[in-house]
Every structure is written in structure tokens, then in C-alpha cells.
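Everything below concerns the one structure shown next.
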Amino acid sequence: MSTAEIKEMARKVKENLLDDTDWGKVESGVLMSVAFNEPKMNAELLNGCRINNDGSIVLNSFMSENEEYGPYIFFNLFLLSPQDPALHKSLLHENVKKLAINSYKPGAFPDDLTVLKSLEELILDIDYSGIPEQVYDLTMLKSIDINTNELTSIPENIIKLQNLETLIIRLGVDVINDNFSGLSKLKKLDINNTFTQIPDAVFKLNNLEGLIINNPVGEISDKFSNLSKLKNLDVAVQHSCSVSSKYFHSSTLEKLHLRAMRPIIPKEFDEMFRMNYNRPIEEKINISFQKI
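Numbering of the sequence shown is given in the numbering used here, commencing with residue -1 and proceeding in unit increments.
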């Protein structure tokens, strides 16, 4: 197929996608372009697109003409069509290490994300229920930032992501399963919780260095002392007086930020401040307290 024929074919696909657009027509147009199985036409349709270093996508003028459908068109062409060396290097599957999916068809998720064998960081902020099963096949993932619908528990399949180092969940999680402790490389957990007691599985994350609990829990448990590598603790508690003074003896802690529903600073803080004052400058803990 000549270059002129490819450009003409791509022009017709664009017209079909943008003329009196609705979801049915967009889906049909995307399926048609993918069915051609023509790398050079795919490169023509994706010309001007790229993925930034922060994982965000930049759409070309053709796709950005329609803000609602543009990301859907992009991800289907990017993931499902054969690739041509003429593509922007950031779009070559083997080069994609970070990807942010911030817009897509409501209730749906891009097909075949597993072609991104080198993906290490994934950001999901879309209208979708839970975590798509294919995410658990992205075994190179080191970081996931999730903001989807109806994610009330952390699925057991997450244990498949044995390279995971950072997990950020922005919805109200009520349940963390026991096998969660099997994420042996996890270093940072940032969770928007609905539980009021931190699950035991969290205290078994032996390599955890940063823990952020965004909604109030009953207390800071003595079990925190099990987290021997913890450096940064940011936790909301229902009553600041429930803070256990035992945890202030941690030798690894560098930053402690407590948020409490009552403004009274508990007596345990006196001991903590005294201990901190007597520490060498290089071992002092950055301590802050906030009323919520």
C-alpha cells in the first residue's frame, strides 16, 4: 500500500470517527481501523500523539477535537494496532514505563494493557468499578495509584504484583486481606480507608518505609513497632490520647504527622518531645500534630 493510499485511508477513518459522533460510531470506527492491521496507517492516525515522562498522554489535533472520545480512540489505537517504527518513541510499547489513564469510556477499561511489558508505574483515575483483572498481569509494576469506583477491598490478586513498591488507593477501602502481607517489596502505602482499626496484614509489611492512613483509626497500635524500616508515618486517629508512647522509641522514624479529632495534645507527647530533644541532630524526628 502506497503512502498516498495510507493517508487517504486514515483521512476516511478520521472523518468516520468525527462525523455526528456517538459512542457506537466511535467504537465501530476504532474497530475498523484496528481491523486493517496496517502499522503505517496506525502511525498516521497516532501522528502527533505522545506520552510524557509523567505518564500523561498528549493527543494530536484530530483526537483533541473531541475531548469526550479522544482518549478512547488513542488507547485503542495505541494498544491494539500493530506498531510502526515511525511512531513517536514514547509510544513504542517497550518504551512505556509510566502511564496515566485519566479519561476513558465510562464503565469501561482499555483492552490489552498487557502489551506494555515494561510498565512500572500506573495511574488510574477513571469511571470504572474496581481494578481490572489485566492489571495483575503487569508483573513489572512498581507503583499503582488508583482512583476508581467501588473499590471497598484490596483484591487478593494484587499478590501477583511481587515488584510493587508503592500503592496509593484514593477510595474508601474497608477490607485488606491477609495475603496482602505477601507484598514483600512494598515500601509505601497511602490509603483512603473506611476501617477504624488498621488490619494486621499492614503490620507484616517488613519493608514498609512510608504509611499514610487518611481517615481516623482508633489508635496507633503497639504493632507499629513491627515495622522496623518505617521512616514516615502520617496517620489520623480518633483520639490523640490513644497514641501509644512505645512507638516513639523507633530508631528508623524520620517523620511523624498525627491528625486527631480532638485538639488536646496527649501526655505521651511530653515523653516523645523529651526523647526527641535528647537525640543527636541527625536522629531527630520531624514531629507535627494537626486537629481535624
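We treat Cβ as the ideally placed atom computed from N, Cα and C, and that holds for glycine.
Nothing here was measured: the structure is a model prediction, and the numbers come from that model.
Count the other CB atoms within 10 Å of the CB of L29; is the residue buried (16 or more) or exposed (fewer)?
exposed
Pick from K115, D123, Y275, E148: whose alpha carbon is nearest that of Q132?
K115
Use the C-beta contact count for T146: other C-beta atoms within 10 angstroms, 16 or more gives buried, fewer gives exposed.
buried
Buried or exposed (CB count within 10 angstroms, at least 16 for buried), Y275:
exposed
Assuming D125 contacts P104 (C-beta within less than 8 Å), just tell me the rounded distance between them.
4 Å
Beta carbon of I121, beta carbon of D135: below 8 Å?
Their beta carbons are not under 8 Å apart, which means I121 does not touch D135 by this criterion.
List the DSSP bridge partners of N191.
V171
For A235, which beta-bridge partners are listed by DSSP?
Going by the sequence as given, residue 235 is Val instead of Ala. DSSP output for V235 lists V215, A258 as bridge partner(s).
Please confirm whether K87 and E119 have their CB atoms less than 8 Å apart.
no
Spatial neighbours of V291 within its chain, please: C-beta separation below 8 Å, excluding the five flanking residues on both sides.
A question about residue 291 goes unanswered here, because the residues of the chain that appear run from -1 up to 290.
Limits of the unbroken beta strand (DSSP E) element including L111
In the DSSP annotation of this structure, L111 is not part of any beta strand (DSSP E), being labelled neither H nor E.
Under a Cβ-count criterion, where at least 16 other Cβ atoms within 10 Å of its own Cβ denotes burial, should E42 be classed as buried or exposed?
buried
For E217 and D123, what's the separation of their Cα atoms in angstroms?
31 Å
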